[in-house]
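Here is the structure we will look at.
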């Protein structure tokens with residue numbers, strides 16, 4: 001037996017899980033049997049750890065180098081600057097003209113709905129649509145119990161959505177205050193090192209969205 | 223079918239005129255899942271879906287390639303090759319697995335192949351290779367069926383090695399990755415990295431073999 005055969009035979013229990021099964025295990029979507037196999041199989045443990053490290057992205061110490069690589073990738077992927085494409089300068093002019101027409105059209109439509117300036121000279125500012133201070137975010141020493149955000153004037157309720165890293169919806173609910181206690185069933189699915197994305201959208205009395213937060217990320221790092 | 227909406231983010235009305243905080247943008251793109259973006263691209267061929275999709279994975283693929291190669295120039299080349307492979311295979315993605323897992327499998331397999339191709343055969347710096355530990359026990363090899371030899375080896379490995387040693391042995395001897403790559407992939411913080419674990423694993427396995435051989439020579443199996 002060569003050393004590769006020795007190591008392969010010794011470190012696998014056989015019937016190893018596929019990457020999809022390992023991902024399902026990481027997402028908490030799989031049977032106890034699979035978890036039991038992984039507990040005793042070095043091959044599956046290793047693959048699982050590598051998959052998790054990929055999904056979690058760069059570590060703190062890797063950030064700078066990864067940003068450099070990303071910049072190079074973005075340059076290479078969009079290597080041909082748009083203004084050098086066949087339609088060139090003429091296209092630039094046409095695009096600007098079209099944008100101008102679109103902007104004017106939208107402006108006129110919007111101004112019809114705009115809150116009028118009061119006679120006293122006071123200026124009304126249409127509310128920004130960004131919900132402020134959504135928490136939690138970043139690495140957390142324990143699983144969060146609560147999500148909070150700044151209240152939005154005129155909001156009747158808030159729709160909160162938790163997603164996995166690929167934006168598959170994990171859980172969604174509606175509350176009528178600017179905080180939310182996470183149910184235990186949801187907290188159970190917040191596995192260590194698993195990145196969770198979430199956002200909150202404020203809605204008015206007609207159910208129309210009036211503001212939303214940027215997508216926040218957090219993960220439980222024990 | 224998902225609908226795209228053009229959302230005007232905010233508008234500030236001032237005495238002097240109108241100022242846009244942001245231009246009209248397609249806000250729905252952010253809320254599409256990866257699989258929905260792939261489906262959209264497969265249906266329309268429009269590059270913007272790929273741009274959004276790839277934008278979500280630049281950091282992860284870059285980090286992975288950086289851990290494999292150890293330097294950012296090589297990592298950038300590796301990552302570009304990975305994205306080219308992903309782009310060429312997008313039409314064949316059927317949604318049977320999660321898109322992120324699919325991307326990972328392409329990145330993993332490509333980078334592992336490249337790492338193996340670039341590395342020389344693992345050089346044993348002092349000490350014995352795993353194979354030689356068994357080969358010197360020629361009477362063991364002769365007398366045992368292959369299945370029994372494998373089971374015995376499993377027993378030695380599980381008894382003697384700790385989880386990190388097992389993972390290092392797996393990645394170095396089975397996946398044939400260089401030790402510096404293994405060190406980065408497993409985020410080993412000790413001074414010598416994966417090499418220290420290989421040396422320690424070999425020492426422990428040698429001890430197990432010798433113990434077993436001593437018992438076998440006396441007509442029994444060691445426990």
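Protein chains in written order, with the numbering used here: chain A, 1 to 222; chain B, 223 to 445. Using N, Cα and C, we set each Cβ at its ideal position, and we do this for glycine too. For clarity, every value in this text was computed on a predicted model and none was experimentally measured.
Item	Value
Separation of residue 280 of chain B from residue 411 of chain B, as counted between CA atoms	26 Å
C-alpha distance - residue 59 of chain A paired with residue 301 of chain B, whole-angstrom precision	17 Å
Separation of residue 265 of chain B from residue 325 of chain B, as counted between CA atoms	20 Å
Contact with chain A by residue 288 of chain B, beta-carbon distance below 7 Å	yes
Inter-stretch contact (C-beta, 8 Å, three-pair minimum) for the region 414-430 of chain B and the region 384-391 of chain B	yes
For residue 272 of chain B, three-class secondary structure by DSSP	helix
Boundaries of the alpha helix (DSSP H) in which residue 209 of chain A is found, first to last residue	Per DSSP, residue 209 of chain A belongs to no alpha helix (DSSP H); it is in the beta strand (DSSP E), 209-212.
Under 7 Å from the C-beta of residue 173 of chain B: neighbouring residues of chain A	Residue 173 of chain B is absent from the structure shown; chain B starts at 223 and stops at 445.
Chain-ordered chain A contacts of residue 311 of chain B [CB-CB under 9 Å]	Within chain A, no residue comes near residue 311 of chain B; the closest Cβ sits about 15 Å away, beyond 9 Å.
Test: residue 326 of chain B CB closer than 7 Å to a CB of chain A	yes
Straight-line Cα distance separating residue 375 of chain B from residue 299 of chain B	39 Å
Chain A contact for residue 271 of chain B (CB, 7 Å cutoff)	no
In chain order, each beta strand (DSSP E) run of at least 3 residues that lies wholly inside the region 21-61 of chain A	none
8 Å contact criterion, which residue 215 of chain A and residue 202 of chain A should meet: CB distance rounded	Actually they do not touch by this definition, with Cβ atoms about 15 Å apart.
Contact list for the region 36-58 of chain A against chain B, Cβ threshold 9 Å	40, 42, 43, 45, 46, 47, 49, 50, 51, 53, 54, 55, 56, 57 and 58
Cβ neighbours of residue 56 of chain A in the same chain (closer than 7 Å, five flanking residues each side left out)	193 and 195
Expected contact under 8 Å - CB spacing of residue 400 of chain B and residue 337 of chain B to nearest Å	6 Å
Beta carbon proximity, residue 264 of chain B to chain A, threshold 7 Å	no
Below-7 Å beta-carbon distance, residue 432 of chain B vs any chain A residue	no
Local Cβ density within 10 Å of residue 164 of chain A, reported as buried at 16 or more and exposed below that	buried
Best match in B:261, B:340, B:286 and B:405 for proximity to residue 314 of chain B [C-alpha to C-alpha]	B:261
Cα-Cα separation, residue 397 of chain B to residue 65 of chain A	26 Å
Continuous alpha helix (DSSP H) stretch holding residue 172 of chain A: start and end	No alpha helix (DSSP H) holds residue 172 of chain A; the beta strand (DSSP E) holding it covers 169-175.
Opening and closing residue of the alpha helix (DSSP H) in which residue 294 of chain B lies	294-311
Beta carbon proximity, residue 70 of chain A to chain B, threshold 7 Å	yes
Three-pair Cβ contact test at 8 Å for the region 69-78 of chain A versus the region 422-440 of chain B	no
Inter-residue spacing [alpha-carbon to alpha-carbon] between residue 47 of chain A and residue 254 of chain B	28 Å
Boundaries (first-last residue) of the beta strand (DSSP E) holding residue 439 of chain B	Looking at the DSSP string, residue 439 of chain B is not in any beta strand (DSSP E); the run it does join, the alpha helix (DSSP H), is 416-439.
Contacting positions in the region 404-423 of chain B - beta carbon closer than 8 Å to chain A	407, 408 and 409
Short CB-CB distance (under 7 Å) between residue 256 of chain B and chain A	yes
Outcome for residue 432 of chain B when other beta-carbon atoms lying within 10 angstroms are tallied against a minimum of 16	exposed
Extent of the continuous alpha helix (DSSP H) run through residue 139 of chain A	Where residue 139 of chain A is concerned, there is no enclosing alpha helix (DSSP H), although the beta strand (DSSP E) it sits in stretches over 138-140.
Coil, strand or helix - residue 161 of chain A by DSSP	strand
Interface partners of residue 168 of chain A on chain B, CB under 7 Å	255
Three or more C-beta pairs below 8 Å linking the region 304-322 of chain B and the region 376-383 of chain B	no
Residue 388 of chain B: contacting residues in chain A (beta-carbon distance under 7 Å)	11 and 42
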